[in-house]
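Take a look at the structure set out below.
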Amino acid sequence: MKIEKNKILFSSILLVITLFIIAYAMMVLDSGEDGKELLKQTEVPKLEQQQETYTSKLEAVDNIEEARTTNAPSIYDERMLDSNNVFNPDLSDKEKQRKVDSIYEQGRIRYSSTMTKNNITTQIRPKKALMPTPNEPETEEPPFTREMALEHQLFFASAPQATLKNYIEEETNIHVQVDGDQVVRANSRLQLRLLEDIQLGSTTIPKNTLIYGLVSFKPNRALLKIDNIDHMPVKMKAIDLQDGLEGIYVENSFRGEVKREIASDIVEDINVVGLPQLRGVKNIFQRSNRKVKVKVADHYQLILKAY
1 MKIEKNKILF
11 SSILLVITLF
21 IIAYAMMVLD
31 SGEDGKELLK
41 QTEVPKLEQQ
51 QETYTSKLEA
61 VDNIEEARTT
71 NAPSIYDERM
81 LDSNNVFNPD
91 LSDKEKQRKV
101 DSIYEQGRIR
111 YSSTMTKNNI
121 TTQIRPKKAL
131 MPTPNEPETE
141 EPPFTREMAL
151 EHQLFFASAP
161 QATLKNYIEE
171 ETNIHVQVDG
181 DQVVRANSRL
191 QLRLLEDIQL
201 GSTTIPKNTL
211 IYGLVSFKPN
221 RALLKIDNID
231 HMPVKMKAID
241 LQDGLEGIYV
251 ENSFRGEVKR
261 EIASDIVEDI
271 NVVGLPQLRG
281 VKNIFQRSNR
291 KVKVKVADHY
301 QLILKAY
């Protein structure tokens, strides 16, 4: 009868496992018996460095090392601790404010040039009450304080205004003419053209340069005001070359002037309760006056003079 190979393999594996368990148990028992040995004497560690001996007390005191002071680290940022080690979250802002105040204190304006260091210290010191003697006159206020107060008032009371330089002399006459037929209204501009070369300061303005004037009306006259020539500030007015009077002679402007005067007289003189339509009449006349137009012919010659 033949034994199967599977049974032989299985039985051999069981035999190996059994032998391993028996060997491990014997080894554990042997090690347990060695650990039951009793401690007979406690071992003391050997000193690596021998204790130094001194011949005198003075030598021993001199060799005593000072104890080092150890401080625990702070939980706060050192930049936020003041001189007393007190935490202040606004310390950086206060330091910036202190620097700004010191800069402002150094560069502030002195209103009197006569103030000196001695005068300032004298002003800060408290004055002692002195009884005037009959032979000695009473002390007056120092003069530099009065000067400083006066300069302080003048500084805040002054209101300087920028003045534009006028490049035209009072005796200068500039010949111009109207550049093309133009229809103008109040506060509109009139285009002119130079008939000759002119000198403004160190600048030469060539002939045929365009000039613009601001228009305003009077009875039978259209006035012109020139504020600049080629972007150079001037103060000039236009004179009619024919009659030598200020402005341009305009015949049709008289009708508009009469209309304006009649309208204002009627509305101001008549004031009747219950007639609110008069205000509308006044507004109609005012709108009509603003629409007054004047036609200026081409090549109309004028003379510009300073005023």
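The sequence shown begins at 1 in UniProt numbering and counts up one residue at a time. In this text, a Cβ means the ideal position worked out from N, Cα and C, and glycines have one as well.
GLU246 sits in a strand when the DSSP states are folded into three classes.
Residue range 91–106 is occupied by the alpha helix (DSSP H) that includes GLN97. ALA222 counts as buried, since at least 16 other C-beta atoms from the protein chains shown sit within 10 angstroms of its C-beta. In this chain, LYS46 is not harboured by any alpha helix (DSSP H), its DSSP state being neither H nor E. Each residue's CA atom was taken as its position, placing SER11 and LEU19 some 13 Å apart. Between ILE174 and the set GLU151, ALA149 and ASN208, the nearest pair of CA atoms involves ASN208. If the five residues before and after PRO89 are omitted, its C-beta is found closer than 8 Å to the C-beta atoms of MET80, all from its own chain and listed in chain order.
Residue ASN220 holds the alpha-carbon nearest to the alpha-carbon of VAL250 among ASN220, ASP227 and GLY244. Note on geometry: alpha-carbon atoms of LYS295 and SER202 lie some 36 Å from one another.
About 10 Å separates the CB atoms of ILE211 and LEU302; that is not less than 8 Å, and the two are not in contact. When DSSP states are grouped into helix, strand and coil, TYR54 belongs to the coil group. In the three-state reduction of the DSSP assignment, TYR307 falls in the coil class. Taking C-beta separations shorter than 8 Å and ignoring five residues to either side along the sequence, THR53 has no partners in its chain. A distance below 6 Å between beta-carbons, with the five flanking residues on each side excluded, links VAL86 to no residue of its chain. Take TYR76, set aside five residues on each side of it, and the residues of its chain with a beta-carbon closer than 7 Å to its own are PHE87, in chain order. Closest by C-alpha distance to GLU78, out of SER92, THR70, THR69 and ILE205, is SER92. Between ASP181 and ASP298, the CB-CB gap stays under 8 Å. One thing to note: LEU190 has its Cβ within 8 Å of the Cβ of LEU224.
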